[in-house]
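Pasting the structure below:
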């Protein structure tokens, strides 16, 4: 009987003799693959919010520089209004026609300024400091406005 089983085993094609995955092996393999795929996604939401903060700060710098240039080139008054409760900054250029731009900040980024309205005149800018506080990282970003020129000096702490 044993010899008959051995002969029957040898007659079976070689591919079917290879052991297939059992259910346990399949579950272990799938759990390892899923774990490897999910590990980078665990911290994805936080990284996304941090990137949104960086983009908002870069946009603020760009908007500030554009409005200062508009004030000097067009000889017009520019008002920058900081509204921390609504998380936005309003850039308003008073030239032949009033142009305004709202920059919305992420909820995790708070903006503080001693003056709510910052006036940029064609020939001068008052020196002051605008502080952004990141609730995610705990970093303070200080934007110091250079007297007369209106240039932003950035300091991170």
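Numbering (this note's numbering), first residue to last: 4 to 160.
We treat Cβ as the ideally placed atom computed from N, Cα and C, and that holds for glycine.
For the options 140, 77, 145, the alpha carbon positioned closest to that of residue 114 is the one of 145. With 16 or more other Cβ atoms inside 10 Å of its own Cβ, residue 133 counts as buried.
If the five residues before and after residue 57 are omitted, its C-beta is found closer than 7 angstroms to no C-beta atom of its own chain.
For residue 158, the pairing in a beta bridge is given by DSSP as 145. The C-beta distance from residue 80 to residue 118 rounds to 15 angstroms, too long to meet the 8 angstroms contact threshold. With 16 or more other CB atoms across the displayed protein chains lying within 10 angstroms of its CB, residue 109 is buried. In the DSSP assignment, residue 120 forms a beta bridge with 84.
In the assembly as shown, residue 45 is an exposed residue. Its beta-carbon has fewer than 16 other beta-carbons within 10 Å.
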